[in-house]
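Okay, so here's the structure we're looking at.
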Amino acid sequence: MEKSQYDELKKMQEIHWWFKAKKEIVLAFIKKYGKSDGNVLDVGCGMGLMLHDFPPEKIYGIDMEQTAVDYCRENYHGENASDHIKQGSLPENIPFQHKFDTIIALDVLEHIENDKEAVLSLYNILAPGGILVLTVPANMKLWSNDDVMNHHYRRYEKQQLMDLLSENDLEIMRCTYYNSILLLPAYIERLWKKIFKITKTDVESSSSKLLNTFLYRIFRMEKNIILEKDLKKGVSLLAVIKKY
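Shown next as structure tokens:
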């Protein structure tokens, strides 16, 4: 993509209800469970949506797309961008040798065929006492054309994700569904799309400013709830894992 396209995509992510509320929730979990002065790796950093929420000397990012890496480097707010943002992928190609106190992997595992090896590769670069915060899409009943277009291998159930994470020497501190309030509307929307063969994505479907604001407020209402209590159902899953 051209830089102008990346600019537009980043602007969309900054205001779109899904990305905006999810970011707030993830940052709240990092604040609660992570080290305030630790270094952070954003795996699958994309447009750099999370990169500006941490001190530049503490934040690192990898993405498999070189064009995304170049864009993040150009917009990086610190020195030595090429040392902090690099091309890489899971599980084989992680371009950093040092350990990280916090690793963020937001909607990454579903794109990787061998998710077990991907988790192991993250475990290997997580510092003792460090945390891994990850999100994944949940519930195969919600499988739709969006998943196909986004090259997903799967959507997860909670026990499936916990089994995957417990295979390594990791303490599962939290594993909760989220975006629960919108679960029923999500079911209905996907059923509607299947019946009428609608190919428009979820992002395109919620482009109305009024609808976007409404969905954002609904979604972010869950933040204070899931910080203290696991939800039993939802469109997605969030896990916080600590290395012994």
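Okay, so the sequence shown: first residue is 1 according to this note's numbering, each after it adds one.
Glycine included, every Cβ here is placed at the ideal spot set by N, Cα and C.
Since this is a predicted model, take the numbers as computed values, not measurements.
- As summarised for the stretch 70 to 136, the continuous beta strand (DSSP E) elements at least 3 residues long and confined to that stretch are 85 to 87, 100 to 106, given in chain order.
- In chain order, THR102, ILE131 place their CB closer than 6 Å to the CB of GLY34, counting only its own chain and leaving out the 5 sequence neighbours on each side.
- Where ARG174 is concerned, the enclosing beta strand (DSSP E) starts and stops at 170 to 178.
- Between VAL108 and LEU90, the CB-CB gap stays under 9 Å.
- Of all C-beta pairs linking the stretch 54 to 73 to the stretch 38 to 46, three or more are shorter than 8 Å, placing the two stretches in contact.
- Counting only residues of its own chain and dropping the five nearest sequence neighbours on each side, HIS152 has a CB closer than 6 Å to the CB of GLU110.
- Here SER121 has LEU90, PRO91, ILE94 as same chain residues with Cβ atoms under 7 Å from its own Cβ, once five neighbours each way along the sequence are excluded.
- Note on PRO137: 16 or more other CB atoms within 10 angstroms of its CB, so buried under the neighbour-count rule.
- LYS158 sits close to THR176, with the two beta carbons spaced by under 9 Å.
- Cβ atoms of ILE188 and ALA239 stay farther apart than 8 Å, at about 27 Å.
- Cα atoms of GLU8 and ILE15: separation of roughly 11 Å, rounded to the nearest angstrom.
- Within the same chain, LEU109, LEU164 come within 7 Å of ASP115 by CB-CB distance, once the 5 residues on both sides are set aside.
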